[in-house]
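Anchor point for the sequence shown: position 280 equals 280 in the UniProt record's numbering, and the numbering is continuous, going up by one each time. Read through the structure below, which is laid out as structure tokens, and then see the notes.
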Amino acid sequence: MTSIDLVAPPRHVLERTRAAVGPLLPAALAELPDETREVVEFGLARQDFSTAALVLLSAEAFGDADVAVVALALEFAHLHEQLHADLMSRGGAWEAFGADRVVSAADALLSLALARLTTPQVMILNVALMSVVDGYVQEIGMAEEDDVDLAQHLGVAAAKHSSLTAAACELGALAAGASASQAGHLRQFGDDIGLARKHVDDVLALHDDIAHGRRTLPVVAAANSGMSVGGGRKWCEQQAELLLARALNHLRQCGPRARAAEELTALAREVTTARCAPAVPAQPTGRSTTLPGA
């Protein structure tokens with residue numbers, strides 16, 4: 001069994017990922033009209049390239065395959081989804097460029113992604129993207145309902161936020177010659193990491209979400225159990241920890257190379273539970289920052 005207890009700082013992983021896919025960007029962006037390219041470049045500047053990193057590390061876990069093109073395709077697919085998220089929330093790219101240009105850029109990104117994959121790879125990505133679409137459709141329907149159901153919200157969160165990370169890990173593993181069983185464990189690893197990251201995202205955005213009346217995971221968890229919003233926040237943090245532990249168990253079971261396993265572990269922690277690490281206490285200001293209901 002591969003040990004994955006010792007982890008390396010993930011920063012160099014993301015830097016290495018950008019170095020791998022960066023040389024491929026100019027030719028890809030040159031295919032786009034100027035107005036569309038401007039939106040795409042705006043979006044890429046906000047990406048951390050962790051989706052592409054999952055592709056590269058999942059491949060390195062089993063072999064030495066060159067998967068930079070696949071990694072870039074998955075990063076394009078992730079940005080495609082992010083631009084649609086901006087449209088839904090009317091933020092980010094929507095504020096900067098307007099709906100029409102953002103829609104055109106999202107469509108162009110999908111074309112760029114699919115053009116860089118083989119037919120079997122396209123099929124895996126299509127399944128992931130259909131899951132994302134289904135998540136958005138369900139979310140729209142829930143916005144019109146008065147009842148708040150935690151299981152339904154968790155299903156939507158998984159569909160929207162786990163599908164692409166799962167596909168990234170599976171595609172990287174398969175490209176390097178992993179068996180179906182090994183690729184399946186990497187897919188589950190990515191699936192759990194995606195949902196854990198969503199729990200953490202909602203914890204970090206809790207103040208703003210409460211102010212705008214958004215029904216995010218900690219809010220829904222609190223409403224379903226009768227606990228305070230602070231209790232809902234704690235529940236999400238615990239769920240992120242459990243999902244990370246489950247993800248790392250899948251990683252162990254697939255028998256990866258030690259170095260790639262260490263880097264996948266470090267990246268998984270960095271994008272999930274490490275972001276909830278206690279901050280250095282600020283000096284007292286005499287003003288309360290307690291959440292409503294906490």
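Beta carbons: idealized from backbone N, C-alpha and C, even for Gly. Note that the structure is a prediction, hence the values are computed from the model and not measured.
Range covered by the alpha helix (DSSP H) that runs through residue i
| i | result |
| --- | --- |
| MET123 | 119-143 |
| CYS169 | 163-175 |
| MET88 | 68-89 |
| LEU206 | 206-211 |
| GLU38 | 34-46 |
| GLU15 | 11-21 |
| SER111 | 99-115 |
| LEU264 | 258-271 |
| ALA247 | 229-253 |
| GLU60 | 50-60 |
| SER179 | Per DSSP, SER179 belongs to no alpha helix (DSSP H) and is neither H nor E. |
| LEU25 | 25-29 |
| ALA223 | 217-225 |
CA-to-CA distance, residue j to residue i, given in whole angstroms
| i | j | result |
| --- | --- | --- |
| ARG16 | PHE49 | 10 angstroms |
| LEU14 | GLY91 | 26 angstroms |
| ALA73 | GLY172 | 11 angstroms |
| GLN182 | VAL127 | 19 angstroms |
| ALA30 | VAL133 | 28 angstroms |
| TRP235 | PRO26 | 44 angstroms |
| VAL55 | HIS185 | 14 angstroms |
| LYS80 | MET227 | The amino acid occupying residue 80 in the given sequence is His; Lys does not appear at that position. Approximately 37 angstroms between the Cα atoms of the pair. |
| GLY98 | GLN82 | 15 angstroms |
| GLU35 | ARG101 | 7 angstroms |
| MET123 | PHE76 | 16 angstroms |
| PRO9 | ASP146 | Legend: pLDDT at PRO9 = 48, less than 50; position of this residue unreliable, value from coordinates given subsequently. Taking the straight line from one Cα to the other gives about 44 angstroms. |
| VAL21 | PHE42 | 17 angstroms |
| GLY177 | PRO23 | 25 angstroms |
| LEU174 | ASP64 | 12 angstroms |
| ARG11 | MET130 | 31 angstroms |
| GLU262 | GLU144 | 44 angstroms |
| ALA245 | PRO33 | 44 angstroms |
| residue 302 | ALA196 | In this structure the chain extends from 1 to 294, so residue 302 is not present and cannot be described. |
| VAL67 | ARG116 | 11 angstroms |
| LEU251 | ALA266 | 12 angstroms |
| ARG37 | ALA28 | 10 angstroms |
| GLU170 | ARG187 | 5 angstroms |
| GLY136 | ALA211 | With the sequence shown as reference, residue 136 is identified as Tyr, and Gly is not the correct amino acid for it. When rounded, the distance between both Cα atoms is 22 angstroms. |
| LEU217 | ALA159 | 14 angstroms |
| VAL69 | THR119 | 14 angstroms |
| ARG257 | LEU264 | 11 angstroms |
| HIS199 | GLN239 | 7 angstroms |
| GLY255 | ALA180 | 13 angstroms |
| LEU87 | HIS78 | 14 angstroms |
| ALA19 | LEU44 | 14 angstroms |
| CYS276 | GLY141 | 31 angstroms |
| ARG46 | GLY213 | 26 angstroms |
| ASP209 | ARG215 | 7 angstroms |
| GLY231 | GLY155 | 21 angstroms |
Nearest-angstrom Cβ-Cβ length linking residue i and residue j, presumed shorter than 8 angstroms
| i | j | result |
| --- | --- | --- |
| LEU110 | ALA167 | About 14 angstroms; that fails the 8 angstroms criterion. |
| ASN224 | LEU112 | That belief does not hold up - the Cβ atoms of ASN224 and LEU112 are roughly 41 angstroms apart, past 8 angstroms. |
| LEU243 | ASP192 | 5 angstroms |
| HIS161 | GLY194 | 5 angstroms |
| VAL203 | ARG233 | 5 angstroms |
| ALA221 | LEU57 | Contact flag wrong, Cβ pair sits at about 31 angstroms. |
| HIS84 | ALA59 | So it is not a contact: roughly 27 angstroms between Cβ atoms. |
| VAL40 | ALA108 | 7 angstroms |
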